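Per the numbering used here: the sequence shown = residues 9 to 291.
A virtual CB, placed ideally from N, CA and C, is assigned to each residue, including glycine.
Note that the coordinates shown come from a computational prediction; the quantities given were computed from them, not determined experimentally.
Contents: one structure, followed by commentary.
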Amino acid sequence: MPITSPVTNPITSMPLPRFGPLSLKHTAFKKNVIKQIVIKQGNIKRNIAKQNAQEKSSVISLQPLTAQHAPYLLHLLTTQICSSLAIEPVSNLAQAIAFVHGEGSSHNKRFGIFYHCAGSNPILIGSLGYQLEHQLEHQLESQLSSPSQLSSENRVNSHRQATISYWLGHVYQGQGHAWQALGLLLNSLTSQGIDSVLANVYADNICSQKLLTKLGFIQVNNTIHNDDCHAINSVSASARVKVNFATNEGINEGVSIGSGEGVTDNVTDSTSSKAIISFTLAL
Numbered sequence: 009m010p011i012t013s014p015v016t017n018p019i020t021s022m023p024l025p026r027f028g029p030l031s032l033k034h035t036a037f038k039k040n041v042i043k044q045i046v047i048k049q050g051n052i053k054r055n056i057a058k059q060n061a062q063e064k065s066s067v068i069s070l071q072p073l074t075a076q077h078a079p080y081l082l083h084l085l086t087t088q089i090c091s092s093l094a095i096e097p098v099s100n101l102a103q104a105i106a107f108v109h110g111e112g113s114s115h116n117k118r119f120g121i122f123y124h125c126a127g128s129n130p131i132l133i134g135s136l137g138y139q140l141e142h143q144l145e146h147q148l149e150s151q152l153s154s155p156s157q158l159s160s161e162n163r164v165n166s167h168r169q170a171t172i173s174y175w176l177g178h179v180y181q182g183q184g185h186a187w188q189a190l191g192l193l194l195n196s197l198t199s200q201g202i203d204s205v206l207a208n209v210y211a212d213n214i215c216s217q218k219l220l221t222k223l224g225f226i227q228v229n230n231t232i233h234n235d236d237c238h239a240i241n242s243v244s245a246s247a248r249v250k251v252n253f254a255t256n257e258g259i260n261e262g263v264s265i266g267s268g269e270g271v272t273d274n275v276t277d278s279t280s281s282k283a284i285i286s287f288t289l290a291l
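Written out as structure tokens, the structure is:
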């Protein structure tokens with residue numbers, strides 16, 4: 009058999025690599041790598057689609073609080089959250105049950121905020137509450153012996169206002185849950201014929217202020233203190249804002265979501281001197 013010289017590069021005189029079987033191996037390797045990449049990309053897309061489907065099926069609902077929720081509230085109501093609500097710390101089951109019933113608070117209408125995810129039971133992640141007030145433009149209802157004494161003029165010039173409070177457990181903040189929960193509450197208050205909604209927030213709770221602003225609330229007073237909180241309830245809506253509360257738009261609520269219920273009634277000693285900002289929304 010004749011001996012053949014290897015093919016050389018005419019410029020460098022270096023032997024050129026032999027192609028053939030090696031090129032087939034290289035092609036097979038490339039195909040395998042491409043196949044693995046395609047499979048990985050497909051898995052990523054499926055995981056993203058699955059995650060999106062779970063997010064779409066994840067909803068928030070409001071349900072009345074009962075005594076059976078007290079153990080969960082005891083776990084969620086940390087010292088920091090109680091401080092943001094301007095209430096005494098909830099450190100035992102009896103105090104948690106008292107919180108459920110709204111004892112010592114004018115926010116006696118209370119609802120749990122429940123997180124629903126496909127394939128799992130609803131999880132209690134926080135709560136909200138409110139009180140209703142019937143305010144008259146020309147005459148205080150408290151000065152009348154009975155609602156039937158309201159004149160037709162005063163009935164026309166009267167409006168109903170709700171003062172709200174809300175909070176979420178720390179691990180559930182920053183995921184848009186407060187937006188959804190407050191949207192449900194505002195829709196409910198609208199259906200009840202409420203004219204305006206008031207929320208009182210500590211001046212250092214920037215995250216909660218941003219949430220209220222995102223929902224269409226407007227600041228209606230300069231910064232005040234708890235010592236002057238009796239003036240808060242005299243503030244009424246000064247503008248009408250149209251908001252689509254059905255929109256599932258999440259915002260970063262940060263780590264201090266809460267609108268205090270105690271800033272207008274039972275104020276703790278540790279928060280009695282903190283500045284308060286009032287926000288209102290006309291429905």
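{"Check": "State the beta-bridge partners of A170 as determined by DSSP.", "Outcome": "L140, V205"}
{"Check": "Output needed for G134: all residues of its chain with C-beta closer than 6 angstroms, excluding positions within five of it in sequence on either side, in chain order.", "Outcome": "I121, W175, L176, G177"}
{"Check": "Near S204, what residues of its chain come up, given a Cβ to Cβ distance below 7 angstroms and the 5 sequence neighbours on each side ignored?", "Outcome": "H167, Q169, S244, A245, T288, L289, A290, L291"}
{"Check": "What is the DSSP secondary structure of T198, reduced to helix, strand or coil?", "Outcome": "helix"}
{"Check": "Can you look up I95 in the DSSP assignment and give me helix, strand or coil?", "Outcome": "coil"}
{"Check": "Measuring only the C-alpha atoms, how far is T87 from V98?", "Outcome": "8 angstroms"}
{"Check": "What are the partner residues of P72, as DSSP defines its beta bridges?", "Outcome": "F119"}
{"Check": "Between A189 and L70, is the Cβ-Cβ spacing less than 8 angstroms?", "Outcome": "yes"}
{"Check": "Counting C-beta neighbours from all protein chains within 10 Å, is the total for S216 16 or more, i.e. buried, or is it exposed?", "Outcome": "buried"}
{"Check": "Quick one: what does DSSP say A1 is sitting in, helix, strand or coil?", "Outcome": "Missing from the structure shown is residue 1; the chain here goes from 9 to 291 and no further."}
{"Check": "Is DSSP giving V67 helix, strand or coil here?", "Outcome": "strand"}
{"Check": "Would you kindly report the start and end of the unbroken alpha helix (DSSP H) that includes H83?", "Outcome": "78–84"}
{"Check": "When DSSP labels each residue in this structure, what does H185 get in the three-state scheme?", "Outcome": "helix"}
{"Check": "Give the secondary structure of S216 by DSSP, where H, G and I count as helix, E and B as strand, and everything else as coil.", "Outcome": "helix"}
{"Check": "According to DSSP, which residues form a beta bridge with Y210?", "Outcome": "I284"}
{"Check": "Within the same chain, show all residues whose beta-carbon is closer than 8 angstroms to that of I89, passing over the 5 residues directly before and after it, in chain order.", "Outcome": "W175, G177, H178, G266"}
{"Check": "Just to confirm the assignment, what range does the alpha helix (DSSP H) spanning A102 have?", "Outcome": "101–108"}
{"Check": "How many Å lie between S150 and H77 at the Cα?", "Outcome": "Per-residue confidence for S150 stands at a pLDDT of 43, beneath the threshold of 50, marking its modelled position as unreliable; the derived number appears in the next sentence. Cα to Cα, the separation comes out at about 35 angstroms."}
{"Check": "Tell me Q227's beta-bridge partners as DSSP assigns them.", "Outcome": "F287"}
{"Check": "Residues in the same chain with beta-carbon distance under 6 angstroms from Y180, minus the five sequence neighbours each way, listed in chain order, please.", "Outcome": "I133"}
{"Check": "Could you say which of V108, I284, G112 lies nearest to D212 if we only look at CA atoms?", "Outcome": "I284"}
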